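Comments concern the structure below.
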Ligand code: ACO
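In the numbering used here, the protein residues as written are 1197 to 1519.
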């Protein structure tokens, strides 16, 4: 059977680093509060000339280099983002243009922090359906543009960045030993809209709006939702937590990562954590964490990796990949 195998990976971060201490004086907070409640120590913040498209392009170029490919080799670009450059056209098409691609097709996916997990699953289905042989899957965000910088309960949590994978069609045996995307579970439930949303949009206010979050409510649901979809993937693939080499969760809060890993029986040293470096970069957080763990040699060819995310909507999901 056809499998969607990871051929390359890359990432990009804005030049400017903002430390927790840099918030002191802007809002009533402290490095200690932020670090204790979330694990976040710093985040990257985009300058005026850095956008979701420019960061996405840089991550895509890094992934292509890593794969030993050029834009000519790509059939499809799927960009997960909630912070597009424009309401339309899709930022994926802008990235396609920046890469000099005059063939193939590109579109954006909007599932907030779960965007990358949704995008990998979608790209896998396009490959399996024969519509594309090689897909650039990108998560790129500039959440700094939709934050209310006077709201201490949200502005300290998020950051900007991008990560990208090249997925490529390859023959597999149809077993769990295959490389590539092996199983996935996606969910959404719109009854939770008011717990995490942006209070603007083209069809309502005609403005971009600002992120609003009832953090405690999101926290309350996060661990149960994340572990449900991961257990579904365990069942589909007929594996247990012991079979995983790496757990690469959405990087929103270290306490959510720890609680999810503990509930699933995944040892702490198998969880890839970058939230201290990047904050919550929404759809970019999983590929940024993957990039870090591949670059430092932790994730190696043949490793079994569980990706998961949960975010606004609510949306949530998990994907099992053999690297
Ligand atoms: N500095 C200092 N104090 C603060 C800050 C801050 N930056 N922010 C809030 N506080 C205060 C609150 O006002 C509150 O004060 P009060 O008790 O006097 O009312 C107190 O700290 C405690 O606030 P809580 O909200 O109860 O703090 P909690 O321990 O829940 O931590 C946090 C807050 C970090 C937001 C946590 O709830 C969280 O991580 N939630 C989940 C967020 C998440 O995972 N989002 C993922 C999806 S993101 C997406 O999809 C875009």
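A virtual CB, placed ideally from N, CA and C, is assigned to each residue, including glycine.
Here the structure is a predicted model, which means the values were calculated and not measured.
**Prompt:** For residue 1294, which of helix, strand or coil comes out of DSSP?
**Reply:** Residue 1294 falls in the helix class under three-state DSSP.
**Message:** Can you give me the C-alpha to C-alpha distance between residue 1438 and residue 1260, rounded to a whole angstrom?
**Reply:** Straight across, the Cα-Cα distance linking residue 1438 with residue 1260 is about 33 Å.
**Prompt:** Quick one: does the C-beta of residue 1484 sit closer than 7 Å to a heavy atom of the ligand ACO?
**Reply:** Between the ligand ACO and residue 1484, a heavy atom-to-CB distance of less than 7 Å is absent.
**Item:** Option in 1296, 1455 and 1432 with minimal Cα separation from residue 1416
**Value:** Nearest option by C-alpha distance: 1455.
**Request:** Count the other CB atoms, across all protein chains shown, that sit within 10 Å of the CB of residue 1299; report buried if there are 16 or more and exposed otherwise.
**Result:** Burial call: exposed.
**Prompt:** For residue 1353, which of 1234, 1425 and 1481 has the nearest alpha-carbon?
**Reply:** It is 1234.
**Message:** Quick check: residue 1362 and residue 1440, are their CB atoms within less than 8 Å of each other?
**Reply:** Going by C-beta atoms, residue 1362 is not nearer than 8 Å to residue 1440.
**Where the beta strand (DSSP E) through residue 1521 begins and ends** = Residue numbering for the chain in the displayed model covers 1197 to 1519; residue 1521 lies beyond these limits and cannot be assessed.
**Prompt:** Would residue 1339 be called buried (16 or more neighbouring beta carbons within 10 Å of its own) or exposed?
**Reply:** With 16 or more other Cβ atoms inside 10 Å of its own Cβ, residue 1339 counts as buried.
**Message:** Under 8 Å: do the region 1417 to 1429 and the region 1376 to 1394 share three or more Cβ pairs, one atom per stretch?
**Reply:** Contact between the region 1417 to 1429 and the region 1376 to 1394 is present: 3 or more CB-CB pairs across the two stretches fall below 8 Å.
**Identity of the residue in 1411, 1213 and 1334 nearest residue 1252 by Cα** = Distances from the CA of residue 1252 to each of 1411, 1213 and 1334 were compared; the closest alpha carbon is that of 1334.
**Prompt:** Pick from 1502, 1511, 1513 and 1495: whose alpha carbon is nearest that of residue 1204?
**Reply:** It is 1495.
**Asked** Does the count of Cβ pairs from the region 1500 to 1518 and the region 1368 to 1386 closer than 8 Å reach three?
**Response** Taking a cut-off of 8 Å on C-beta distances, the region 1500 to 1518 touches the region 1368 to 1386, as three or more cross pairs fall below it.
**Message:** Let me check understanding here. Comparing Cα to Cα, which of 1212, 1502 and 1228 lies closest to residue 1433?
**Reply:** When only C-alpha atoms are compared, the closest one is 1502.
**Message:** If the criterion is Cβ atoms closer than 8 Å, does the pair residue 1507 and residue 1478 meet it?
**Reply:** In this structure, residue 1478 lies closer than 8 Å to residue 1507 by Cβ.
**Message:** Does residue 1354 come out as helix, strand or coil in the three-state DSSP assignment?
**Reply:** Residue 1354 falls in the strand class under three-state DSSP.
**Item:** Member of 1229, 1490, 1482 and 1500 whose CA lies at the smallest distance from the CA of residue 1356
**Value:** The residue with the shortest Cα to Cα distance from residue 1356 is 1482.
**Request:** Note down, in chain order, each residue of its chain lying with its Cβ closer than 8 Å to the Cβ of residue 1308, except the 5 sequence neighbours on either side.
**Result:** Cβ contact annotation for residue 1308 (same chain, cutoff 8 Å, sequence separation greater than five): 1278, 1392, 1478, 1479, 1507, 1508, 1509 and 1511, in chain order.
**Asked** How close, in whole Å, do the beta carbons of residue 1313 and residue 1485 come, if the pair is a contact with beta carbons under 8 Å?
**Response** Between the beta-carbon of residue 1313 and that of residue 1485 there is about 12 Å, and that puts the pair past the 8 Å contact cut.
**Request:** Could you name each continuous beta strand (DSSP E) segment of 3 residues or more that falls completely within the region 1410 to 1472, going from the start of the chain to the end?
**Result:** Listed in chain order, they are 1442 to 1445.
**Request:** Can you have a look at residue 1577 and say buried or exposed, based on whether 16 or more other CB atoms are within 10 angstroms of its CB?
**Result:** The structure shown does not extend to residue 1577, since the chain is modelled only from 1197 through 1519, so no value can be given for it.
**Item:** For residue 1400 and residue 1462, the rounded distance between their alpha carbons
**Value:** Each residue's alpha carbon lies about 43 Å from the other.
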